[in-house]
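J.:
There are 2 protein chains.
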Amino acid sequence: MSRTLKKIDMKKGMIKVSVLYPEGVGKTFDMDYYCDKHLPMVSGLLGDAVKGSSVEKGLAGGAPNSPATYLCMSNMYFDSIESFQNAFGPNTKQIMTDVPNYTNAEPVIQISEVVI
Amino acid sequence: MSRTLKKIDMKKGMIKVSVLYPEGVGKTFDMDYYCDKHLPMVSGLLGDAVKGSSVEKGLAGGAPNSPATYLCMSNMYFDSIESFQNAFGPNTKQIMTDVPNYTNAEPVIQISEVVI
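Those sequence lines, one after another, are chains A and B.
When we follow the working numbering, the leftmost residue of the first sequence carries the number 344, and every step to the right adds one.
When we follow the working numbering, the leftmost residue of the second sequence carries the number 344, and every step to the right adds one.
(1) Helix, strand or coil for residue 404 of chain A, going by three-state DSSP, please let me know.
(2) Suppose you measure from the CA of residue 345 of chain B to the CA of residue 419 of chain A; what does that come to, to the nearest Å?
(3) Could you compute how far the alpha carbon of residue 385 of chain A sits from the alpha carbon of residue 438 of chain A?
(4) Am I right that residue 392 of chain B and residue 426 of chain B are in contact with their C-beta atoms under 8 Å? What's the rounded C-beta distance?
(5) What alpha helix (DSSP H) runs, 4 residues minimum, are completely inside the stretch 359 to 443 of chain B?
(6) So that I know if they touch, is there some Cβ in chain A lying closer than 9 Å to that of residue 424 of chain B?
(7) Do the CB positions of residue 406 of chain A and residue 455 of chain B come within less than 9 Å of each other?
(8) Enumerate in chain order the residues of its own chain whose CB-to-CB distance from residue 398 of chain B is below 6 Å, with the five nearest sequence positions on each side excluded.
(9) Taking only beta-carbon atoms, is residue 344 of chain B less than 9 Å away from chain A?
(10) Report buried or exposed for residue 387 of chain A, applying the criterion of at least 16 other Cβ atoms within 10 angstroms of its Cβ.
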């Protein structure tokens, strides 16, 4: 499956939902599964509510030779919190059930407003 | 000063440098100062090495009524780690000296590779 998610068309005031997977002893993250299977599934379930997506792989921290805080940072953009909640709510169980297939990290979720 | 930073022109393989300001008791973040004074200053110092920027204000966590993990998430995109290091290195002191002017939070820095 190709990695052809919608690219970000980000505007001030949009809602960004970040899912951050913390690095830690014994923590793993299967980026191929995530990009090729999980994200397309999520994208299909949430449909047009998703205005854009991005995924980043953690490389390092700010201090020399320090590890990244997050193995992966994944972001989806929505027009509003309501739009996110309406899209995500009915699909929460199916989405969450797939998480152990690619990571044993406990994701941190942050809802933000795009300022710039 | 207008909030006219370069928008993201994000490509697979680019380097994303995230500066994350953790929420916490007594932690403050002056978004106006950050967007109108700090970021333009940083942008001017780093010059063409910066390929794009984004700033998000934390609204909430994933669980109902939970606070955001980060007051602010700020991101800059570079062509490579070397490009980031070369641009940031000589300006580190001037940039860091300005931080107390807008926050008392201790920023978390993450260097990532854009995957999608």
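The beta-carbon is built from N, C-alpha and C at its ideal position, and this holds for glycine as well.
Fair warning: this is a prediction, and the values are worked out from it, not measured in the lab.
T.: Per the coordinate set shown:
(1) In this structure, residue 404 of chain A counts as strand in the three-state DSSP scheme.
(2) Low confidence applies here, because residue 345 of chain B scores a pLDDT of 44, under 50, leaving its location unreliable; read the following figure in that light. One C-alpha to the other measures close to 26 Å.
(3) As the crow flies, the alpha-carbon of residue 385 of chain A is around 7 Å from that of residue 438 of chain A.
(4) About 5 Å separates the two Cβ atoms, so the contact holds.
(5) Counting only runs of 4 or more, we get 382 to 389, 424 to 431, 435 to 441.
(6) Under the Cβ distance rule, residue 424 of chain B counts among the residues neighbouring chain A, one pair being separated by less than 9 Å.
(7) Here residue 406 of chain A is not near residue 455 of chain B, since their CB atoms are 9 Å or more apart.
(8) Beyond the five residues adjoining it in sequence on each side, residue 398 of chain B comes within less than 6 Å, by CB distance, of 417 in the same chain, given in chain order.
(9) Any answer about residue 344 of chain B is weak, because its pLDDT of 39 lies below 50 and its placement is not dependable; what the coordinates show is given next. Output row for residue 344 of chain B: interface = no.
(10) Exposed, by the Cβ-count rule.
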